[in-house]
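Residue numbering for the sequence shown follows the numbering used here, beginning at 533 and increasing consecutively. Heads up, the beta-carbon is just placed ideally off N, CA and C, and yes, glycines get one too. Everything numeric in this text was worked out from a predicted model, so none of it was measured.
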Amino acid sequence: MRTLAALAFWQDRWLQMAGTTPDLPISKVFSPKYDLPKIEGKVASNEFWAKFPQNKQKVGSSLINPVRLESLARSIGIEIDGMVKTVITDLKFGANIGCYGAARGASRSGNAPACEEFADHISDVIASWVDKGFAAGPFTEEELPAEAKVNGILCRQKPNGAVRVILNMSAPLGMSVNDGIDADQFPTKMSSTGKWLKCLNLAGRGCYMTKVDWADAYKHIHVNDKDLDLQWFQWKGRYFFERCLIFGSASSPGIYDRTAKVVLNMALAMSRFPRTMVCQYLDDVCAASQPGRTPGVRDFREAYAKVAAEVGVRLAPEDDPEKAFGPRHDGTVLGIHYNTLNWTWEIPADKLGRLIHQIDQALAAEWLWQEQIWSLVGRIIHYAPLVRDGRFHIRHLIKANNLSKMKKYKVALETGAKRQLAFWRAFLLTSSGLATIPAVPIVAPAWAFRCYTDAAGGSRNTPGLGCGGVLDGGWFFQHWSDAINGGMECNGKRVGGKMSALELVGPLIALSVWADRFRCGAVVFFVDNAGSVCIWQKGYSSSCPLASTLVAAMAAVAAGIGATVCVEKITRCSDPGTVMADALSKSAFGKFWEAATATDWALPPEPEAVPRSILRWLANPLPDEDLGTKILKELSQTVPMLGLNTDTVLSK
């Protein structure tokens, strides 16, 4: 009854939210920090520059003190080698941004047209940089070095009404600063929503969270003098160069990330807080722990603040909980609000509103620019771990996301991509604020059913090959169709040789034939193919649409019976279940029954009947987004399925 009540609630809410379109958030009124005259035209007046902050000192220094950092690291037992040495060198002498070759040559790029709309905002940001010593200027044309590389300005408006000023280090094409940087030499190891969910699940319901944020994160690290001429830009007739890491440079995230990780490691060593309970995403550091645990998040936060104060890291104040907060049960982490007492998650209204409008724009369009796809799909991927089966609804979006590396490449929006966009639109609107924090990773309980399946490759020369499965109380066997044995191809490859896909047929059949047995329970499928396991865990295959069809169908059937499903690689090839499944896949029934006698399993003399919907698919195995729905509709005629025959479920 509780299951039915929950189903009715979510069905009603789904229908209620399906036609809802949240309003776009209203940007806050921009409040400038500097009293500068309004600019008219492309060149600012002398009166404007007379009031503009002045700082023409070319020598820069990092906010973080390398001597104090090294001393503190030694005192808490951190070895000074590898990454720590590199960071100390960056802080002492300025970071080498890694630009080499012709890309270092002088060039000029214009500012984006959108900058004119936000001219006052941009002036305020640049004035702040100069005032704080992060940038030098303003310089006249005559003061500009001949070797200066003048980068264009891009801007992006923030929700608070201000703008983020970004130097376009990717222009001019072929001669840009980023063209001369090998990004692989500056790796970053980012956190993610999925990793944070693991932390929360380890800490458990009612846990405390904390979040630390750096103020002016990139500006903590200055750039080596020889690279400063690569960091010029022009604004309203005057020139400036940035002394610190730039938002827009391909190497900045990696250079900053290694510094942030050294600071984090120092705080962890000082507090003895477990690394598994912390996530770091560039300048955001988040931690979780159960109340009463020693050490807890309070100890970690105090240690982090102590390290920051000692070495010179400027932390964001806690007056804005979106930025940073002390130990508490609710807070925003990586753009998502969590409440650990209610154990719920919620996408803030402004972020959800912008995402829904992006999705609506895509649903109404025939094509989008690749850069629009990157923005949209990136947001969906960020939120996908919040939805337990979300991974089965991103394959077409990932494909569209990876079509080109060119921003202005036209991406046609195919039916599959629009279908998945519609799913995310409805699901996020329905779930945000009410859905529980999902278990990550999904682990089958000890009492879960253990089912062994195996598949043989399709072949004309060896009749009777197919797939089979067995568990205590039942077994099935299904021979391959003429299409699979006869050489049918999909994506240029023979279907009979696609073992990662064929190995998934067994678990799909097992879920279907034993649907009533697995209802509201858990089952672990043991298969003999690591690729199949990875595809299930990922939710799709980039190279095999048949495997994607099968895992999506498995997820649909599991949802219809409310079952938890895990797929694992067998660790032993000689236990009875594995031997029996292998024998079935080869039609070796004598070997199957011989192995069965070594167990106390109660196996019926006849195999289970495979659903007709699966047989029809095997006869002509093609990508099919609706395979799971077809199986559910067939099963609902004899076995209760959530959402299809609620009356039958109630009678059970």
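Please confirm if residue i has its CB atom under 7 Å from at least one CB of chain B.
{"i": "Gly858", "result": "No chain B is present in this structure, which holds just one protein chain."}
Does residue i pass the burial test, meaning 16 or more other C-beta atoms within 10 Å, or should it be called exposed?
{"i": "Val1027", "result": "buried"}
{"i": "Ile620", "result": "buried"}
{"i": "Phe541", "result": "exposed"}
{"i": "Cys1105", "result": "exposed"}
{"i": "Trp979", "result": "exposed"}
{"i": "Gln763", "result": "buried"}
{"i": "Ser559", "result": "exposed"}
{"i": "Ser1075", "result": "exposed"}
{"i": "Leu966", "result": "exposed"}
{"i": "Asn1023", "result": "exposed"}
{"i": "Leu760", "result": "buried"}
{"i": "Lys1184", "result": "With a pLDDT of 40 at Lys1184, under the threshold of 50, the modelled position of that residue is not reliable, and the figure given next carries that caveat. Per the 10 Å Cβ criterion, exposed."}
{"i": "Pro933", "result": "Residue 933 is actually Asn in this sequence, not Pro. Asn933 is buried by the Cβ-count criterion."}
{"i": "Ala820", "result": "buried"}
Residue j and residue i - do their beta-carbons sit closer together than 7 Å?
{"i": "Glu1035", "j": "Asn1061", "result": "yes"}
{"i": "Pro827", "j": "Thr720", "result": "no"}
{"i": "Phe584", "j": "Ala659", "result": "yes"}
{"i": "Ala747", "j": "Ala678", "result": "no"}
{"i": "Ala1047", "j": "Ile1093", "result": "yes"}
{"i": "Val1089", "j": "Ile1163", "result": "yes"}
{"i": "Gly1160", "j": "Ala1042", "result": "no"}
{"i": "Ala1134", "j": "Lys1123", "result": "no"}
{"i": "Lys664", "j": "Asp745", "result": "no"}
{"i": "Tyr813", "j": "Met722", "result": "yes"}
{"i": "Ala550", "j": "Ala881", "result": "no"}
{"i": "Trp877", "j": "Leu918", "result": "yes"}
{"i": "Lys690", "j": "Gly863", "result": "no"}
{"i": "Asn1152", "j": "Ala1015", "result": "yes"}
{"i": "Val829", "j": "Pro859", "result": "yes"}
{"i": "Ser594", "j": "Leu623", "result": "yes"}
{"i": "Ala835", "j": "Met802", "result": "yes"}
{"i": "Gly996", "j": "Phe1009", "result": "no"}
{"i": "Val682", "j": "Gln766", "result": "yes"}
{"i": "Ser1117", "j": "Asp1004", "result": "no"}
{"i": "Ala1091", "j": "Tyr984", "result": "no"}
{"i": "Met707", "j": "Ser639", "result": "yes"}
{"i": "Lys1101", "j": "Val1065", "result": "yes"}
For residue i, report the span of its beta strand (DSSP E) as first-last.
{"i": "Pro859", "result": "857-860"}
{"i": "His869", "result": "868-871"}
{"i": "Gln893", "result": "Where Gln893 is concerned, there is no enclosing beta strand (DSSP E), although the alpha helix (DSSP H) it sits in stretches over 881-896."}
{"i": "Val1055", "result": "1054-1059"}
{"i": "Arg696", "result": "695-700"}
{"i": "Gln902", "result": "Where Gln902 is concerned, there is no enclosing beta strand (DSSP E), although the alpha helix (DSSP H) it sits in stretches over 902-915."}
{"i": "Trp1007", "result": "1006-1011"}
{"i": "Val919", "result": "Looking at the DSSP string, Val919 is not in any beta strand (DSSP E), and its letter there is neither H nor E."}
Give the straight-line distance between the Cα atoms of residue i and residue j, rounded to the nearest whole angstrom.
{"i": "Ser563", "j": "Phe773", "result": "25 Å"}
{"i": "Ala840", "j": "Val795", "result": "8 Å"}
{"i": "Leu935", "j": "Trp901", "result": "11 Å"}
{"i": "Leu1182", "j": "Gly824", "result": "Note that Leu1182 has pLDDT 39, beneath the 50 cutoff, so the model's placement of it is unreliable and the number below is only indicative. When rounded, the distance between both Cα atoms is 43 Å."}
{"i": "Leu961", "j": "Leu884", "result": "8 Å"}
{"i": "His752", "j": "Val599", "result": "15 Å"}
{"i": "Gly642", "j": "Phe580", "result": "21 Å"}
{"i": "Val500", "j": "Cys1098", "result": "In the structure as shown, the chain starts at 533 and stops at 1184, and residue 500 therefore has no counterpart that could be examined."}
{"i": "Asn628", "j": "Val1037", "result": "53 Å"}
{"i": "Thr1129", "j": "Pro1136", "result": "13 Å"}
{"i": "Asp656", "j": "Lys570", "result": "11 Å"}
{"i": "Lys565", "j": "Phe650", "result": "15 Å"}
{"i": "Thr1180", "j": "Ser963", "result": "Only weak support exists for where Thr1180 lies, its pLDDT of 44 falling under 50; the value from the coordinates is given anyway. Taking the straight line from one Cα to the other gives about 26 Å."}
{"i": "Glu673", "j": "Glu842", "result": "41 Å"}
{"i": "Gln1185", "j": "Ile888", "result": "The question about residue 1185 has no answer here: the residues shown for the chain are numbered 533 through 1184."}
{"i": "Gly669", "j": "Ile654", "result": "15 Å"}
{"i": "Ala634", "j": "Asp711", "result": "9 Å"}
Starting from residue i, trace the alpha helix (DSSP H) both ways and give me its first and last residue.
{"i": "Tyr836", "result": "829-843"}
{"i": "Ser1073", "result": "No alpha helix (DSSP H) holds Ser1073; DSSP gives it neither H nor E."}
{"i": "Asp852", "result": "Counting along the chain, Asp852 falls outside any alpha helix (DSSP H), and DSSP gives it neither H nor E."}
{"i": "Pro1039", "result": "1031-1045"}
{"i": "Ser1117", "result": "1108-1117"}
{"i": "Thr1161", "result": "1159-1167"}
{"i": "Ser821", "result": "Element bounds for Ser821: not the alpha helix (DSSP H) but the beta strand (DSSP E), 816-821."}
Assuming residue i contacts residue j (C-beta within less than 8 Å), just tell me the rounded distance between them.
{"i": "Met809", "j": "Ile608", "result": "Not quite, the Cβ-Cβ distance comes to about 19 Å (not below 8 Å), so this is no contact."}
{"i": "Arg770", "j": "Val755", "result": "The pair is not a contact, with the Cβ atoms about 21 Å apart (cut-off 8 Å)."}
{"i": "Lys950", "j": "Leu908", "result": "Not confirmed; about 12 Å, so no contact."}
{"i": "Cys631", "j": "Val709", "result": "5 Å"}
{"i": "Lys1188", "j": "Val575", "result": "Any property of residue 1188 remains undetermined from this structure, which presents the chain solely from 533 to 1184."}
{"i": "Ala1087", "j": "Ser1032", "result": "The Cβ separation is near 17 Å, so there is no contact."}
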